[in-house]
Structure formats: C-alpha cells, structure tokens
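Letter 146 of the sequence shown, counting from 1, is numbered 220 in my numbering, and no numbers are missing. Heads up, the beta-carbon is just placed ideally off N, CA and C, and yes, glycines get one too.
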Amino acid sequence: MTHAHIDHIGMAPWLATYGTLLHGTDLTAAVSEIMWSDTYKVSDIEGYPLAWDKRDMEVALDSWMPHQFGKWFTVGDWKCRLHPAGHIPGAAMIEIKTPQATILWTGDLDTRDSPNAPRAMPVDCDILCMEGTYGGRTHPNREEEEGRFVSRVQEVVSRGGTALIPAFASGRGQDILRILHKEAPGLDVHYDGMGTRVTREWLGCPEFIRDPRAMESCLPMGSEGYGKVGQEEGITRRRDSNYQRNARWRASSLVSQQVET
Numbered sequence: 075m076t077h078a079h080i081d082h083i084g085m086a087p088w089l090a091t092y093g094t095l096l097h098g099t100d101l102t103a104a105v106s107e108i109m110w111s112d113t114y115k116v117s118d119i120e121g122y123p124l125a126w127d128k129r130d131m132e133v134a135l136d137s138w139m140p141h142q143f144g145k146w147f148t149v150g151d152w153k154c155r156l157h158p159a160g161h162i163p164g165a166a167m168i169e170i171k172t173p174q175a176t177i178l179w180t181g182d183l184d185t186r187d188s189p190n191a192p193r194a195m196p197v198d199c200d201i202l203c204m205e206g207t208y209g210g211r212t213h214p215n216r217e218e219e220e221g222r223f224v225s226r227v228q229e230v231v232s233r234g235g236t237a238l239i240p241a242f243a244s245g246r247g248q249d250i251l252r253i254l255h256k257e258a259p260g261l262d263v264h265y266d267g268m269g270t271r272v273t274r275e276w277l278g279c280p281e282f283i284r285d286p287r288a289m290e291s292c293l294p295m296g297s298e299g300y301g302k303v304g305q306e307e308g309i310t311r312r313r314d315s316n317y318q319r320n321a322r323w324r325a326s327s328l329v330s331q332q333v334e335t
C-alpha cells in the first residue's frame, strides 16, 4: 500500500478477506482507518454499493504489516524495502529485489519538496514501474502558484468575503494550511473535522513530516493540544472565552475536506 489515498487503498478491505497482508508505513496504516470509515459512511449516504463491509474493514486493519523507510523485509523469496515517495507524508515507493532483477514500484510520487513531505529521491533499479498521471505535462513553478493562490484568498477577504477552499483531507488540506500560515498569518483559518483527524495521525508520526513543529503551530486549534478543538457543522473551531458562536461565518478562510476518488 503506497499511501492512504482512497484510490490506492479503497479495495484493500476486500483483499484482506482473502488473507492478504497489507505492507506500508505506520502513517499509511494509521490514516487508512479514517479513509475507509469515511468511504463506508459516504457509500451508505449516497446509496452506492461497496465490495466490502465494516467486518472486512476490521480484518484489513488487523492485516497491516508496517515498515520503516530503508529497513529490509521479505515477502516470499523477495527482499523489499520502502523509500519516501514525496506526495504526502508516509507515502512510499517499494524496492523489490528478486533473483532476476531489482524492481521499483513508485505509486504516486513527487520529486519536489511539498510543504509537508520531502521529495522522492532516485533509487537504482532494473525495472521501474511509475505512475504517470502528469507524465505529459509541465508543472508550473510551485512558488509562483502558491503566491497566486494566496493573493486570490487575500483578494476575497479584502472585499469582506470568506474563501471556501475544497481540499483533500490527507495532503492538500494540510499543505494549504502551511501555505496560508506562512504567507498570510493574519488570516483566521478554520479547518474541517476529517482533515483535523488526519492531521492528528500525521502528528503522531512526526518522522514523516517536514518540520512537524511548523505543521502543529499553523493548525487552527493551536499547538497546545487537541482538547481545545470542537466541531460545529463540520468546521473545526476554537473553544475559548472570546469565541462567539457565529465566528466561523466571519472567518477569513475555511478549508473544507474533499475525499479523493
């Protein structure tokens, strides 16, 4: 399991019912429960069928075999180890040594540093299996795009509006928090509940995050702990003596989770 986006782990509970072990990082294993639970909930609300149920999800959670980056483990006659893939914290490429060749399976990867995940580095191999979602595109300069994004948010706020930003609950949402905190620290940012739950798991595995203290300090709930955080109509809010119940509508920016499919 290269990482915990649902398009990569969505069928794992079904696989686990056949005795399949799930190999990945500690963080991927931790976030998988949130992603599967949300998928199950949404499927129930929307009325579309799943190939697995809650009992299968429990089997999958018991089937995880977490591994550290760079540590060898065996699967049959194969020697394997995980390498950072960039993309999101905990995302992994897998190096597989067989008697015939060395294979690298990348999953989703990023060769650039993101706000929260360090870049993927080259790994020697004979056979490379690489995802190619953006293989035919030239990415714009990241710093320029981040600056353009922040400018648009500030433009909305300056005219009295609220910027509502749909973002994936694992990866993009946390990147946006870091960007806004760094470039526009005066904004009042509120963060959706599912993204907050994912971020808790991230901070439980700080070794996967670029500068975890910076990630913690930019969260809307502050860095003193999660007991101060509540949720109101899906939006995370502070609980303090000066907080008014309608403050979320006066917030400068709302970051709402969006499940990746």
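> If HIS97 and HIS161 are in contact, beta carbons under 8 Å, what's the gap, nearest whole angstrom?
Replying inline: Between HIS161 and HIS97 the Cβ distance is about 17 Å, and since that is not below 8 Å, they are no contact.
> If you draw a straight line from the C-alpha of LYS128 to the C-alpha of ARG186, how long is it?
Replying inline: Near 37 Å, if we compare the C-alpha coordinates of ARG186 and LYS128.
>> Whole angstroms are fine: how far does the CA of ILE201 sit from the CA of HIS157?
In response: In a straight line, the C-alpha of HIS157 is about 16 Å away from that of ILE201.
> Can we say the region 215 to 235 touches the region 110 to 130, given the rule of at least three CB pairs closer than 8 Å?
Replying inline: Remark: fewer than three beta-carbon pairs, one from each stretch, lie closer than 8 Å, so the region 215 to 235 and the region 110 to 130 are not flagged as touching.
>> Residues in the same chain with beta-carbon distance under 6 Å from SER117, minus the five sequence neighbours each way, listed in chain order, please.
In response: Contacts found: LEU124.
> Taking C-alpha atoms, which residue in PHE223, GLY181, PRO192, LEU178 lies nearest to ASP285?
Replying inline: Closest by alpha carbon: PRO192.
> Given that a residue counts as buried once 16 or more other Cβ atoms are within 10 Å of its Cβ, and exposed if not, what is VAL362?
Replying inline: Outside the shown range of the chain (75 to 335) lies residue 362, about which nothing can therefore be said.
> Which partner residues does MET139 have in the DSSP bridge list?
Replying inline: Under DSSP, the beta-bridge partners assigned to MET139 are HIS97.
> Under the rule that 16 or more other beta-carbon atoms within 10 Å means buried, what is ASP198, buried or exposed?
Replying inline: Only exposed fits ASP198, as fewer than 16 other CB atoms lie within 10 angstroms of its CB.
>> So for THR207, helix, strand or coil by DSSP?
In response: Correct three-state label for THR207: coil.
> Curious, which full-length beta strand (DSSP E) runs of at least 3 residues does the region 256 to 302 contain?
Replying inline: Entirely contained in the region 256 to 302, the beta strand (DSSP E) runs reaching 3 residues are, in chain order, 263 to 265.
> How would you label TYR265, buried or exposed, when you count the other beta carbons within 10 angstroms and need 16 or more for buried?
Replying inline: Around the beta carbon of TYR265, a 10 Å sphere encloses 16 or more other beta carbons of the protein chains shown; the residue is thus reported as buried.
> In this structure, what does DSSP give as the bridge partners for MET85?
Replying inline: According to DSSP, which records beta bridges pairwise, MET85 is partnered with nothing at all.
> Between MET131 and the rest of its own chain, which residues show a CB-CB distance below 6 Å, the 5 nearest in sequence each way excluded?
Replying inline: Closer than 6 Å at Cβ, skipping near neighbours: PRO87, TRP110.
> Span of the beta strand (DSSP E) holding VAL149?
Replying inline: VAL149 -> beta strand (DSSP E) spans 147 to 149.
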